[in-house]
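Okay, so here's the structure we're looking at.
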Ligand code: AP5
């Protein structure tokens, strides 16, 4: 089994430290991954993290992690956030921004970062910009994954997730080596409750209304890189690397 960084600093917050610790990387990449729920952002973030050494920072993973805490140990804001998530609605901006601000050390990570699922509204994007400015950091690029909606829904329906290390599989297109068992840590895979059809409909509507406008927001800043999300994960991954390298080369000339 390959060792995946546990991302404790991100998932738990507070004084938690990641194991193994991130390796400092020359020219760390600081990227945002945009796209509809289920388009494959988490899958690409995992592949990019392994290649670039940057950490996958998913706000959804923080909420799912909090679900395993006893109710008495959750803050009222987190309990409310889990209800929004269960219904497929967006968690209020203030709650999400506070969670990210508490983990600002992850934005300063020497390995760089891959923000997956944040920002999700223009207000969140503004808050991220302020946070980065305060720490003299800048985004390198925003990858926007694009796919037909019926294909996205098929991806969500077959998704299976590891509750321990958060790795993502698909029963047909990315099956684990042993059915129902995580390749990385041996955890028992499960189906997310927001992957039920009624929650999927709400999530897609929230995406169209609140998150899709972010493409224009980042296009206007010259940061947006559209990536076609058709094909196998490895094909999309190679497409992503090509687009990122093309952008780096263009920046040098
Ligand atoms: P979050 O966890 O961020 O979910 P999401 O954005 O809805 O995205 P998903 O994780 O569902 O999909 P993905 O694009 O990562 O796809 P994946 O790689 O898994 O958020 C969940 C909830 O938390 C939100 O609804 C909200 O309530 C709350 N929340 C989180 N952040 C928030 C924020 N900032 N503000 C407000 N609320 C927030 O792939 C999907 C499936 O497809 C997998 O099975 C995978 O194996 C398969 N697959 C991937 N690529 C391919 C491929 N190329 N071909 C075939 N299958 C593929």
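Residue numbers (the numbering used here): 10 to 262.
Built from N, CA and C at the ideal position, the CB exists for glycine as well.
Original post:
According to DSSP, is residue 245 helix, strand or coil?
Top reply: Stepping through the chain shown from its first residue, residue 245 is reached at position 236. If DSSP states are grouped into helix, strand and coil, residue 245 belongs with the helices.
Subject >> Per-residue burial, residue 199 [other beta carbons within 10 Å of its own, 16 or more giving buried] >> reply: Within the chain shown, numbered from 1, the residue matching residue 199 stands at position 190. Under this definition residue 199 is an exposed residue.
Original post:
With a Cβ-Cβ cutoff of 8 Å, do residue 168 and residue 204 count as a contact?
Top reply: The count along the chain shown starts at 1 and reaches residue 168 at position 159. The count along the chain shown starts at 1 and reaches residue 204 at position 195. Yes, the Cβ-Cβ distance between residue 168 and residue 204 is below 8 Å.
Original post:
Taking the alpha-carbon positions, what's the residue 160 to residue 110 distance?
Top reply: Taking the chain shown and counting its residues from 1, the one referred to as residue 160 is at position 151. Taking the chain shown and counting its residues from 1, the one referred to as residue 110 is at position 101. Going by the C-alpha atoms only, they are around 34 Å apart.
Original post:
What first and last residue would you give for the alpha helix (DSSP H) that runs through residue 125?
Top reply: Within the chain shown, residue 125 is the residue found at index 116, counting from 1. No alpha helix (DSSP H) contains residue 125, which is instead part of the beta strand (DSSP E) from 121–125.
Original post:
Beta carbon of residue 86: closer than 7 Å to some heavy atom of ligand 3?
Top reply: Here the bound small molecules are ligand 1; ligand 3 is not part of this structure.
Subject >> CA-to-CA distance, residue 77 to residue 83, given in whole angstroms >> reply: Taking the chain shown and counting its residues from 1, the one referred to as residue 83 is at position 74. Taking the chain shown and counting its residues from 1, the one referred to as residue 77 is at position 68. Distance between the alpha carbons of residue 83 and residue 77: 10 Å.
**OP:** Please list, in chain order, all residues of the same chain as residue 11 whose beta carbon is under 6 Å from its beta carbon, the five residues on each side excluded.
**Re:** Counting from 1 along the chain shown, the entry for residue 11 is found at position 2. Note that residue 11 scores 46 on pLDDT, short of 50, meaning its location in the model is unreliable and no value can be drawn from it.
**OP:** Classify residue 24 as buried or exposed, calling it buried when 16 or more other Cβ atoms lie within 10 Å of its own Cβ.
**Re:** Numbered from 1 along the chain shown, position 15 holds the residue referred to as residue 24. So residue 24 counts as exposed.
Original post:
Taking three-plus beta-carbon pairs below 8 Å as touching, is the region 226–243 in contact with the region 105–124?
Top reply: no
Original post:
Okay, do the region 118–128 and the region 14–34 touch, 3+ Cβ pairs below 8 Å being the bar?
Top reply: yes
**OP:** Could you say which of 15, 26, 91 and 73 lies nearest to residue 55 if we only look at CA atoms?
**Re:** Against the chain shown, residue 55 aligns to sequence position 46. Out of 15, 26, 91 and 73, 15 has the C-alpha closest to the C-alpha of residue 55.
Subject >> Cβ-Cβ separation, residue 140 to residue 40 (assumed contact under 8 Å), whole Å >> reply: Translated into the one-based positions of the chain shown, residue 40 becomes position 31. Translated into the one-based positions of the chain shown, residue 140 becomes position 131. Rounded, the Cβ-Cβ distance is 16 Å, inconsistent with contact.
Subject >> the region 59–68 touching the region 177–185, judged by at least three CB pairs closer than 8 Å >> reply: no
Original post:
How is residue 30 classed by DSSP in three states: helix, strand or coil?
Top reply: The residue you call residue 30 lines up with position 21 of the chain shown. Three-state result, residue 30: coil.
Original post:
Taking C-alpha atoms, which residue in 36, 60, 223 and 97 lies nearest to residue 249?
Top reply: As a position in the chain shown, residue 249 is number 240, starting the count at 1. Residue 60 is the option with its Cα nearest to residue 249.
Original post:
What do you reckon, are the CB atoms on residue 154 and residue 50 nearer than 8 Å?
Top reply: As a position in the chain shown, residue 154 is number 145, starting the count at 1. As a position in the chain shown, residue 50 is number 41, starting the count at 1. Cβ distance < 8 Å, so residue 154 and residue 50 count as in contact.
Original post:
Of all the beta strand (DSSP E) runs that stay within the bounds of the region 142–225, which reach a length of 3 or more residues?
Top reply: 150–155, 168–170 and 177–179
**OP:** Round the Cβ separation of residue 152 and residue 42 to the nearest angstrom and send it over; I've been treating them as touching at under 8 Å.
**Re:** By 1-based counting over the chain shown, the position of residue 152 is 143. By 1-based counting over the chain shown, the position of residue 42 is 33. Confirmed, about 5 Å.
Subject >> Buried/exposed call for residue 37, threshold 16 Cβ in 10 Å >> reply: As a working note, residue 37 is residue 28 in the chain shown. The residue is buried, with at least 16 neighbouring Cβ atoms inside 10 Å.
Original post:
Relative to the C-alpha of residue 246, which residue among 58, 195, 22 and 53 is closest?
Top reply: Along the chain shown, read from residue 1 onward, the residue named residue 246 stands at position 237. Of 58, 195, 22 and 53, the residue nearest in Cα terms is 53.
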